[in-house]
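Protein chains: 2
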Amino acid sequence: MTELIRLLTRAQKLLRTASDDAMSRHGVRVGQNLVLEVLWETDGLTPGELAARLHVTTPTVVNTATRMESAGLLVRRRDPADGRLVRLHLTPKALAARQPIEEARRRLAEHATATLTEDERRHMRSALEKIIERMTESPPDLGDA
Amino acid sequence: MTELIRLLTRAQKLLRTASDDAMSRHGVRVGQNLVLEVLWETDGLTPGELAARLHVTTPTVVNTATRMESAGLLVRRRDPADGRLVRLHLTPKALAARQPIEEARRRLAEHATATLTEDERRHMRSALEKIIERMTESPPDLGDA
DNA sequence: GTGGGATCGCTAGCATGCAAACGATTCGTA
DNA sequence: TACGAATCGTTTGCATGCTAGCGATCCCAC
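In structure tokens form, the structure reads like this:
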């Protein structure tokens, strides 16, 4: 079981590194790519909403948004109805990058999983879903105190 | 395929977070735990050797080693035969933490994978091995220039 | 034996994550 | 209506990774 998790960690790291390399060719880092992915579908979300969808904390989104703002990928706008809220809007530059980036991601994913059999895909998917459910639903049950 | 990778990423992150929580109870962070894991088996490795075994870069090991030195988990010693080398040696404190930490990791791994069937474990393992081989052996083949 | 290339650890700067503390705004209630 | 609690974004500080560049040491060829 420990070995299974070790393999999972190693594979994920290799994929993340490869993804960062691919995205960097389009002027976007791997974390920023995740923000784009959501905003391409739903522009004008708040940092808090974005954080919830990405399963990260709000400060992480805030910092990433600041870097993306410096890079000219998005702009911040105060919500006119609620002064506490900030809405993140993509720039034309970010919209133009959509096609090549999605293409690059699709290509990378297919390359990585090209040699998997149908059984392996199906069982790996259900196994990962079970692990995710297990880690979110049930308590981690840490040993001592 | 993209969805498969998304699940893989999510599962790995949940596992890493849970691992960090568990390790923190023993005064060790998740990255430091990986260093301990290797040094428990082979004490006195150099930062470069350690980096190769962990699949990280040397600066990463150097920084982690510095934090672990501050935490009293290891000491640096110059190699008497080769002045360029630094050898990392665990302290009694680090040796004493071995049993509880290994127990915590074993428990976490079993908890996470408790509901997997034998087919799922087997196919997930072979799938991950294929992905790893694919990402290390063959070229990433990034689209444009 | 000496000089130049190779090897090694370290530092600096950046990106991505977290938790904790802070400030501003909003909303419900007295 | 005004005040306290809740909500939200931001800042700060830390851990983990990376690349690039530096300085010290070693080793081989001359």
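Chains as they are written, first to last, in my numbering: chain A, 1045 to 1189; chain B, 1045 to 1189.
Ideal Cβ placement from N, Cα and C applies to all residues, glycine included.
Nearest chain B C-beta to residue 1175(A) closer than 8 Å, yes or no? Here residue 1175(A) is taken as the residue at index 131 of the first sequence, counted from 1. Yes, its Cβ sits closer than 8 Å to a Cβ of chain B.
Buried versus exposed, by CB contacts within 10 Å (16 or more), residue 1167(A): Here the question's residue 1167(A) lines up with position 123 in the first sequence. Per the 10 Å Cβ criterion, buried.
Neighbouring residues, chain B, relative to residue 1158(A) (Cβ below 8 Å): Residue numbering aside, residue 1158(A) sits at position 114 when the first sequence is read from its first letter. What residue 1158(A) touches in chain B: 1178.
How close, in whole Å, do the beta carbons of residue 1048(A) and residue 1050(B) come, if the pair is a contact with beta carbons under 8 Å? For this step, residue 1048(A) is matched to residue 4 along the first sequence. For this step, residue 1050(B) is matched to residue 6 along the second sequence. Going by Cβ atoms, the distance from residue 1048(A) to residue 1050(B) rounds to 19 Å, so no, they are not a contact pair.
Beta-carbon proximity of residue 1092(B) to residue 1102(B), cut-off 8 Å: Against the second sequence, residue 1092(B) aligns to sequence position 48. Against the second sequence, residue 1102(B) aligns to sequence position 58. The answer is yes: Cβ separation under 8 Å.
Suppose the cutoff is 7 Å on Cβ atoms and the five residues either side in sequence are ignored; what does the same chain contact list for residue 1169(A) look like? Within the first sequence, numbered from 1, the residue matching residue 1169(A) stands at position 125. None.
I'd like to know if residue 1114(A) contacts chain B, where contact means its C-beta is closer than 8 Å to some C-beta of that chain. Start at 1 with the first residue of the first sequence, and residue 1114(A) comes out as number 70. Not closer than 8 Å to any Cβ of chain B, the Cβ of residue 1114(A) fails to qualify, so no.
Please identify the residue among 1060(B), 1130(B) and 1122(B) whose C-alpha is closest to the C-alpha of residue 1046(A). Numbered from 1 along the first sequence, position 2 holds the residue referred to as residue 1046(A). Checking every option, the nearest Cα to that of residue 1046(A) belongs to 1060(B).
State yes or no: is the beta carbon of residue 1133(B) nearer than 8 Å to at least one beta carbon in chain A? For the purposes of this step, residue 1133(B) is taken as residue 89 along the second sequence, with counting starting at 1. Cβ-Cβ to chain A under 8 Å: no for residue 1133(B).
Give every residue of the same chain whose Cβ lies closer than 7 Å to the Cβ of residue 1196(A), excluding the five residues on either side of it in the sequence, and list them in chain order. Chain A is shown only over 1045 to 1189; residue 1196(A) falls outside these bounds and no answer can be derived.
Chain-ordered neighbours of residue 1108(B) on chain A, where CB pairs are closer than 7 Å: Looking up residue 1108(B) in the second sequence gives position 64. Those do not exist, as residue 1108(B) stays about 16 Å from chain A at its closest Cβ, beyond 7 Å.
Using 8 Å as the threshold, is the C-beta distance between residue 1079(B) and residue 1108(B) below it? Stepping through the second sequence from its first residue, residue 1079(B) is reached at position 35. Stepping through the second sequence from its first residue, residue 1108(B) is reached at position 64. Yes. Within cutoff.
Between which two residues does the alpha helix (DSSP H) holding residue 1082(B) run? Stepping through the second sequence from its first residue, residue 1082(B) is reached at position 38. Note, residue 1082(B): alpha helix (DSSP H), 1074-1085.
Hey, how far is the Cα of residue 1137(B) from the Cα of residue 1117(B)? In the second sequence, the residue the question calls residue 1137(B) occupies position 93. In the second sequence, the residue the question calls residue 1117(B) occupies position 73. Computed Cα separation, rounded: 6 Å.
Below 8 Å, can you find three or more Cβ-Cβ pairs linking the region 1066-1086 of chain A to the region 1144-1153 of chain A? yes
List the residues of chain B that residue 1163(A) touches, going by C-beta distances under 7 Å, in chain order. In the first sequence, residue 1163(A) corresponds to position 119, counting from 1. The answer, in chain order, is 1167.
Quick test of your reading: residue 1105(A) and residue 1095(A), contact by CB under 8 Å. State the CB separation rounded to the nearest angstrom. If you number the first sequence from 1, residue 1105(A) lands on position 61. If you number the first sequence from 1, residue 1095(A) lands on position 51. Yes, they are in contact, since the Cβ atoms of residue 1105(A) and residue 1095(A) sit about 5 Å apart, within 8 Å.
So what does DSSP say about residue 1113(A), is it helix, strand or coil? As a first step, residue 1113(A) is located in the first sequence; it is residue number 69 there, counting from the start. Three-state DSSP puts residue 1113(A) in a helix.
Coarse secondary structure for residue 1105(A), derived from DSSP in three states: Counted from its first residue, the first sequence places residue 1105(A) at position 61. Helix at residue 1105(A).
Going along chain B in order, which residues have a C-beta closer than 9 Å to the C-beta of residue 1104(A)? Numbered from 1 along the first sequence, position 60 holds the residue referred to as residue 1104(A). Here the premise fails: no neighbours, minimum Cβ distance about 12 Å.
Identify the residues that DSSP records as bridge partners of residue 1133(B): which are they? As a position in the second sequence, residue 1133(B) is number 89, starting the count at 1. Answer is 1119(B).
How would you call residue 1158(B), buried or exposed, if buried means at least 16 neighbouring beta carbons within 10 angstroms? Taking the first residue of the second sequence as 1, we reach residue 1158(B) at position 114. Its Cβ having fewer than 16 others within 10 Å, residue 1158(B) is exposed.
Can you find a CB in chain A that lies within less than 8 Å of the CB of residue 1117(B)? By one-based count along the second sequence, residue 1117(B) stands at place 73. Not closer than 8 Å to any Cβ of chain A, the Cβ of residue 1117(B) fails to qualify, so no.
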